[in-house]
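Chain order of the listed sequences is A and B. If you read the first sequence in my numbering, its first letter stands for residue 9, the second for the next number, and so on. If you read the second sequence in my numbering, its first letter stands for residue 1094, the second for the next number, and so on.
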Amino acid sequence: MIHLENVSKVYPNGTEALKKLSLDIRPGEFVFVVGPSGAGKSTFLKLLIREEKASFGKLVVNGQDLMKMRKRKVPYLRRTMGIVFQDFRLIDKMTIYDNVAFAMRVIGTPEKAVKKRVKYVLKLVGLEGTEKRRPNELSGGEQQRVSLARALVNNPELLIADEPTGNIDPERSHEIMKMLVEINKRGTTVIIVTHEHDLVKEFGGRVIRIADGEITHDAFLPSEYHPDTPKGTDDEDETKEETV
Amino acid sequence: MKLSSIGYLFKEGVKNIWNNRMMSLASVIVLVSCLVITGAAALISVNMSTLISKVGDDNQITVYLKRDLSDLDSVKLGSSFSRIKNIDSYRFHSRNDVLKEYQKTLGDNIYESMQGKGNPFGNEYKLRLKDLSAYNDTVEAIIKIEGVEKVSDRSDIAGKLTKLNYFVTLVGSWVVLILAIVTLFIISNTIKMTMYSRRFEISIMKSVGATNAFVRIPFIIEAMLIGLLSGLLASGAILAMYNPIRSAASGIIGMISGSTLTLEEIWLPTLLIMSGIGVLIGLVGSFISISRYLNKEGGSILGK
């Protein structure tokens, strides 16, 4: 699903944000990416969604070689994944329904199918009945669930969440995390960037720690939600450090 | 792009005008103001040129024929005028017609005494020229015709009108050009501000996989509709003010009323040109401004 081989990112000002990163993320994995601020986590995500292009190395996401990808093909890559942002990134002028439906309209889905699917996804995230409301009428937790619904509406194989609980209270954070686990159980690969260690410990899964642009830890952390490593992975062998 | 998407994008463009109504209103106000000023300047310039051109048309010259030239030869001489290219039209005035013009001034007794052989006037021709700037060359050609005594000297008026026409055209063109540049500058800034306020929206669209065309089309439709609306409002304002201003100007300079363009003559061209310019400004302005954001990605769109 995701393959990085000696991937480096050097910004024009000379900052080396990522240094020869190599890793594989397989379908169905639940992955936390952790690390201190400025470690390179955001750059890592930006490379995956092709917001930035890697300077060196080999990077394949959902079967597409991002190093050779032309700019005009980038939208088609993004349609194979769902992205959840810390600041929700909802369009205030659109209703909740339109915010979610937008991701389907972008790919030219007929309106009838849009209606059916949006209704289903909003129900899935517990927001049925909010269709006609605007984002600013909802709480932070609810807005993040709308963002999650939008990320899920096209049934992506890969869900990337950048600090999804960063702007919401602990109780709602817990809810969002449970939803992400549920989504993962349905077969979607989930990658979460976070600095909330308590959530990482509670929900477990594969934990990749990036510090100073390098992977300093990559191991499976068992938990109530993820007692075993997903089939076909051998994360235990990749442990570089014992602690998260 | 699928057909259903085109319908959706058009609807989005229309909806965006209402959703961003404050910005739309600001854009319409700026655009209407600029179009009214530029349009008014253009109309004044066109009217001045028309006025001068009509004054020039009315400025006929008189060709005096030799007194000993018989009436028959005088009429025959008329064909020589048709060989001079700059002569638009010519009209024969017999010596009796000329004398009749003076009947009131002379009084009936003297007029009667001047009939027949006592008529001191010769036959004449009244000519209209096509191009006043070629006045001197034309007069030179007329003088050379056998039987012509002299030509009424209007070279000073011809020269003045030619210079005035040139001046008005030149100044009018510069005023319109400068106003058009100022208009483009103001409008481009308005569009940039609109796009800046919508950059967040653009970044979200791109993050969910919208192609550049998908992001661009609603913005362009929105800008073109705003341009069209502004063009219509600006033409409406100009046309509404046209007749009152024309009447007021006629009160000051009498000849304006008959020599300038009427509302019937200008309403359709004004409406079409102003609306066309409005739509074009919307199209080009939005296309250029949005490209700036489409070439960026994610956080850089938001200036992070």
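Ideal Cβ placement from N, Cα and C applies to all residues, glycine included. Since the structure is predicted, the reported quantities are computational estimates derived from the model, not experimental observations.
- Under the three-state reduction of DSSP, Leu1220 of chain B is assigned to strand.
- Secondary structure note for Asp32 of chain A: its beta strand (DSSP E) is the uninterrupted segment 24-33.
- Annotated three-state conformation of Tyr1335 of chain B is helix, per DSSP.
- Sequence-distant Cβ neighbours of Val1107 of chain B in its own chain, meaning closer than 8 Å and more than five residues away, are Ile1314, Glu1315, Leu1318.
- Contact check for Ile168 of chain A against Ile199 of chain A passes: the beta carbons are separated by less than 8 Å.
- With distances taken between CA atoms, Gly1209 of chain B lies nearest to B:Arg1160 out of B:Arg1160, B:Ala1133, B:Val1301, B:Arg1292.
- Within chain A, no C-beta atom comes less than 7 Å from the C-beta of Ile1319 of chain B; the nearest is roughly 17 Å away.
- Nearest to Ile1238 of chain B by C-alpha distance, out of B:Ser1175, B:Leu1136, B:Leu1192, is B:Ser1175.
- When C-alpha distances from Phe1185 of chain B are compared across B:Gly1200, B:Leu1220, B:Lys1193, B:Asn1212, the shortest belongs to B:Leu1220.
- For Lys101 of chain A, the nearest beta carbon of chain B is closer than 8 Å to its own beta carbon.
- With the criterion set as a beta carbon lying under 8 Å from some beta carbon of chain A, the stretch 1263-1284 of chain B has no members that meet it.
- The alpha helix (DSSP H) runs lying completely inside the stretch 109-196 of chain A and spanning 4 residues or more are 119-132, 148-160, 178-193, given in chain order.
- If you look at Met89 of chain A, you'll find it isn't in any alpha helix (DSSP H); it sits in the beta strand (DSSP E) that goes 89-92.
- When the five nearest sequence neighbours on each side are left out, the beta carbons in the same chain lying within less than 6 Å of the beta carbon of Arg217 of chain A are those of Val42, Gly43, Thr224, His225, in order along the chain.
- Taking CB atoms only, Ile91 of chain A has a neighbour in chain B less than 8 Å away.
- The Cβ-Cβ distance between Arg142 of chain A and Ser1300 of chain B does not fall below 8 Å.
- In the DSSP assignment, His1186 of chain B falls within the unbroken beta strand (DSSP E) covering 1180-1186.
- Uninterrupted alpha helix (DSSP H) stretches at least 4 residues long and entirely within the stretch 16-85 of chain A occur at 49-56, given in chain order.
- In this structure, the alpha-carbon of Leu166 of chain A lies about 52 Å from that of Ala1273 of chain B.
- In chain order, Arg113 make up the part of chain A whose C-beta sits under 7 Å from the C-beta of Tyr1101 of chain B.
- Taking Val18 of chain A as reference, the option from A:Lys81, A:Leu160, A:Val208, A:Leu55 with the minimal CA-CA separation is A:Leu55.
- Counting only runs of 4 or more residues that sit fully inside the stretch 1346-1377 of chain B, the alpha helix (DSSP H) segments are 1349-1352, in chain order.
- By the C-beta criterion, the stretch 104-123 of chain A is judged to be in contact with the stretch 146-158 of chain A, since at least 3 inter-stretch pairs fall below 8 Å.
- Secondary structure of Gly1265 of chain B (DSSP, three-state): helix.
- Under DSSP, Gly213 of chain A forms a beta bridge with A:Leu229.
- The residues Asn1179, in chain order, have a CB closer than 8 Å to that of Ala1227 of chain B in the same chain once the five nearest residues on each side in sequence are set aside.
- Taken atom to atom, the span from the alpha-carbon of Leu1364 of chain B to that of Asn21 of chain A is near 53 Å.
- One thing to note: Thr197 of chain A has its Cβ within 8 Å of the Cβ of Ile33 of chain A.
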